[in-house]
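Following: one structure in structure tokens, then a few remarks.
Residue numbers (the UniProt record's numbering): 1 to 151.
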């Protein structure tokens with residue numbers, strides 16, 4: 001699932017609104033909700049999400065990274081139960097979900113450079129091709145180049 005306009009679901013406190021002012025030729029504007037591009041926006045949003053779903057995250061069947069939500073289940077009935085539980089909590093805090101970006105009931109899916117399935121969590125080979133094709137360093141110069149590539 002995908003949270004609709006992730007950061008924009010965070011309402012700003014009055015003090016933060018005063019710090020996030022933009023000036024244009026049309027006037028001065030204050031953000032009412034967390035905009036994209038603010039340094040602490042991702043960590044603030046992730047912390048908010050983690051406080052909404054603490055039990056589900058600790059049970060290990062819910063994976064959330066910023067606005068991407070993955071529900072893992074062994075059976076269709078269990079998946080429906082967990083999906084209902086997550087959606088109930090999301091609607092309880094007025095969180096909106098983008099139905100266009102949602103995928104339901106897959107046995108395996110690619111997300112965030114990983115392949116998530118009922119059996120395992122693996123790395124998508126397409127995401128690490130450049131690293132796999134990099135030759136093993138044979139001397140100091142090659143090693144320095146490889147370290148630069150990795151950092």
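Just so you know, even glycine gets a beta-carbon here, dropped at the ideal spot from N, CA and C.
Review point. When the distance is taken between beta carbons, is residue 30 closer than 8 angstroms to residue 39?
Key: Within the chain shown, the letter at position 39 stands for residue 39. Within the chain shown, the letter at position 30 stands for residue 30. In this structure, residue 30 does not lie closer than 8 angstroms to residue 39 by Cβ.
Point to revise | Bounding residues of the alpha helix (DSSP H) (the contiguous stretch that carries residue 52) | key: For the purposes of this step, residue 52 is identified with residue 52 of the chain shown, where counting begins at 1. Where residue 52 is concerned, the enclosing alpha helix (DSSP H) stretches over 41 to 52.
Practice item. Tell me whether residue 62 sits in a helix, a strand or coil according to DSSP, three-state version. Key: By 1-based counting over the chain shown, the position of residue 62 is 62. The three-state secondary structure of residue 62, taken from DSSP, is strand.
Check your understanding: Are the CB atoms of residue 34 and residue 12 nearer to each other than 8 angstroms?
Key -> Stepping through the chain shown from its first residue, residue 34 is reached at position 34. Stepping through the chain shown from its first residue, residue 12 is reached at position 12. Their beta carbons are under 8 angstroms apart, which means residue 34 touches residue 12 by this criterion.
Check your understanding: Between the C-alpha atoms of residue 115 and residue 133, what's the straight-line distance to the nearest angstrom?
Key -> Indexing the chain shown from 1 puts residue 115 at position 115. Indexing the chain shown from 1 puts residue 133 at position 133. About 20 angstroms.
**Study point:** Closest by C-alpha distance to residue 74, when choosing among 84, 61, 137
**Key:** For the purposes of this step, residue 74 is identified with residue 74 of the chain shown, where counting begins at 1. Cα-wise, what sits closest to residue 74 is 61.
Practice item. Could you say which of 147, 117, 103 lies nearest to residue 2 if we only look at CA atoms? Key: By one-based count along the chain shown, residue 2 stands at place 2. Nearest C-alpha to residue 2: 103.
**Study point:** Environment of residue 36 [buried if 16+ CB atoms lie within 10 Å]
**Key:** If you number the chain shown from 1, residue 36 lands on position 36. Exposed.
Point to revise | Simplified DSSP assignment, three categories, for residue 152 | key: Since the displayed the chain opens at 1 and closes at 151, residue 152 lies outside it and no answer follows.
Check your understanding: Secondary structure at residue 37, three-state DSSP: helix, strand or coil?
Key -> Counted from its first residue, the chain shown places residue 37 at position 37. Residue state for residue 37 is assigned as coil, using DSSP reduced to three classes.
Exercise for review: Below 8 angstroms on the Cβ atoms is my guess for residue 123 versus residue 113; work out the distance and round it to an integer in Å.
Suggested key: Residue mapping note: residue 123 aligns to position 123 of the chain shown, counting from 1. Residue mapping note: residue 113 aligns to position 113 of the chain shown, counting from 1. Between residue 113 and residue 123 the Cβ distance is about 7 angstroms, and since that is below 8 angstroms, they are a contact.
Practice item. State the start and end residues of the unbroken beta strand (DSSP E) segment that holds residue 114. Key: What you label residue 114 is simply residue 114 of the chain shown in a count that begins at 1. Run containing residue 114: 114 to 117, per the beta strand (DSSP E) assignment.
Review point. By how many angstroms is the C-alpha of residue 125 removed from the C-alpha of residue 117?
Key: The residue given as residue 117 occupies position 117 in the chain shown. The residue given as residue 125 occupies position 125 in the chain shown. Rounded to whole angstroms, residue 117 to residue 125 spans 15 angstroms at the Cα level.
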